[in-house]
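For reference, the structure discussed in these notes is given below.
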Amino acid sequence: MEALVGANLQVREGEFISLIGPSGCGKSTLFNVIAGLDEPTNGSIVVDGVERNGQQGLVGYMLQKDMLLPWRTILDNVVLGLEIGGVKKKDAHAIARPLLETYGLGGFLDRYPSQLSGGMRQRAALLRTILFNRDIILLDEPFGALDAQTRERMQEWLLDLWDDFQKTVLFVTHDIDEAIYLSDRVFVMSARPGRIVAEIPITLPRPRHSSIVTSAEFVALKAEAREYLNDAHRVGGRIVLED
C-alpha cells in the first residue's frame with residue numbers, strides 16, 4: 001500500500017513549517033524520505049537545487065522518543081552529534097556547556113536521563129539535534145508525550161531556540177493549536193495515502209505568547225485547518241526542500 005501520493009512540499013530557508021493530518025497519513029514516512037532513511041518510488045527530494053534521494057546526514061532528525069543513551073550523562077548525550085562529527089570530547093563539552101546553561105539545563109550536566117523529567121529530557125534531545133549542526137531540522141511530534149503545562153513551556157522554549165539558531169524546521173504534530181502557534185505555514189495532509197491538501201499561511205505576529213491562542217485570528221486559523229482536515233482533496237507533484 002502506498003503511504004504517500006503526490007506530496008508536494010516546498011520549504012524556504014529559516015522557516016518553521018508544521019505538518020498536520022490524521023493518524024497514519026504518512027507524515028513520519030515523509031520525514032524518513034527527507035532524512036534519506038527511505039527512498040521515494042516516485043518524485044524527488046531537492047536541497048539547494050540538488051536532488052538528494054536516499055542521502056543521509058543532511059538533516060537533524062528528532063523523534064517523539066528522546067532516544068537519550070541511559071549510560072551517558074546529559075552533557076555526554078548532548079555532544080553525541082559533535083563526537084560523531086569528529087570533534088574531540090573535551091572540545092565538544094566546551095561547546096555544549098554554555099548552551100546547556102543558556103537553555104535551562106546548566107544544573108543537570110552530570111545527571112543521567114533517568115534522573116530528569118520528560119520536559120528536561122526533551123530539552124536535552126533538542127539541543128543534541130541542534131548541535132548535530134545541520135541547517136534543516138525534522139521534529140516528529142517531540143512534545144506528544146508531555147502533559148499540557150509542560151508542552152506549553154516547551155513550545156515557548158522551542159521558539160526561543162529557533163529564533164536564536166535560525167534553523168529551517170519541519171515539525172509534525174497532531175495538535176492543530178500547536179501547529180498554528182509555532183509555525184510560519186501549516187501544511188495539511190489527507191488520510192493515507194497522504195497528500196498535501198492545503199497550505200495555511202500563519203500571519204500571527206512574532207514573538208508569540210500563549211495568550212495569542214484566544215485571539216480572533218488564531219481561532220479563525222484553527223477553524224480553517226479543521227475544515228481542510230475534513231475535506232481532503234488530491235494534489236500531485238514533487239517534494240522540494242529549499243535550504
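Just so you know, we're using the UniProt record's numbering here: the sequence shown kicks off at 1 and counts up by one.
We treat Cβ as the ideally placed atom computed from N, Cα and C, and that holds for glycine.
- Between the region 144-156 and the region 94-103, the count of Cβ pairs shorter than 8 Å is below three; the stretches do not touch.
- Nearest to leucine 127 by alpha-carbon distance, out of Gln149, Met67, Asn32 and Ala220, is Met67.
- Annotated three-state conformation of tyrosine 228 is helix, per DSSP.
- Straight-line measurement puts the Cα of threonine 129 at about 15 Å from the Cα of glycine 119.
- Within a 10 Å sphere around the beta-carbon of leucine 69 sit fewer than 16 other beta-carbons, which makes this residue exposed.
- Here the region 180-193 makes contact with the region 11-31; the two share three or more CB pairs at distances below 8 Å.
- For glutamine 122, the uninterrupted alpha helix (DSSP H) segment begins and ends at 118-131.
- Between valine 46 and isoleucine 136, the C-beta spacing is not below 8 Å.
- For proline 40, no beta strand (DSSP E) segment is defined, and its DSSP state is neither H nor E.
- In this structure the region 31-38 touches the region 133-149; the number of beta carbon pairs closer than 8 Å is three or more.
- For the pair serine 211 and arginine 226, the Cα-to-Cα distance works out to about 21 Å.
- In the three-state reduction of the DSSP assignment, threonine 214 falls in the helix class, which pools H, G and I.
- By the beta-carbon neighbour count (other beta carbons within 10 angstroms, threshold 16), lysine 27 is buried.
- Residues of the same chain with a CB within less than 7 Å of the CB of isoleucine 202, apart from the 5 flanking positions on each side, are Ile180, Ser183, Asp184, Arg185, Val186 and Leu221 in chain order.
- Sixteen is the threshold: when 16 or more other Cβ atoms of the shown chains lie within 10 Å of the Cβ of tryptophan 162, as they do, the residue is buried.
- Closest in C-alpha terms to glutamine 149, from the list Asn133, Ala124, Leu131 and Ser117, comes Ser117.
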